[in-house]
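Here is the structure we will look at.
In the working numbering, the protein residues as written are 689 to 828.
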């Protein structure tokens, strides 16, 4: 008796009526999300172009220019000299390096660790944007 009642409902299409409502609801939700996403990307594209044009105007008006070869050489020469000085200082007096190491506190580790995680996250985000893919380079 139960079987004939269920089979009769299926024959009339009653069994799948709730499924149609779920499909329609999910389809409407997906459509609204896709429309919102397209709108967001259109807005983001527009404003990125506006900012780029504004940046170009500021670059020209302020007279910005890339650094010259002499400026690069000066900066890197100063960095090299600083590194060489520090290396010589700690190679002549290793106890000074141990004193620096022992002066590190838990607060320093947490503070600089958090900054390091932020840098790593921004680097990863830049890689994702550059590849235009989250995990790997897209295969063509």
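Where is the CB? At the ideal position from N, CA and C, for every residue including glycine.
Please go through the same chain and pick out, in chain order, the residues whose beta-carbon is closer than 8 Å to the beta-carbon of residue 775, but skip the five residues on each side of it. Nothing meets the Cβ criterion.
Taking C-beta to C-beta, are residue 784 and residue 777 nearer than 8 Å? Residue 784 places its beta carbon less than 8 Å from that of residue 777.
Per-residue DSSP class, three states only, for residue 747: Note: residue 747 maps to helix in three-state DSSP.
Helix, strand or coil at residue 822 according to DSSP, with G and I counted as helix: Three-state result, residue 822: coil.
Using three-state DSSP, classify residue 754 as helix, strand or coil. Residue 754 falls in the coil class under three-state DSSP.
Where do the N-terminal and C-terminal ends of the alpha helix (DSSP H) with residue 790 fall, by residue? Here the alpha helix (DSSP H) through residue 790 covers 782-790.
For residue 793, does the three-state DSSP call read helix, strand or coil? DSSP places residue 793 outside both helix and strand once states are collapsed to three, so it counts as coil.
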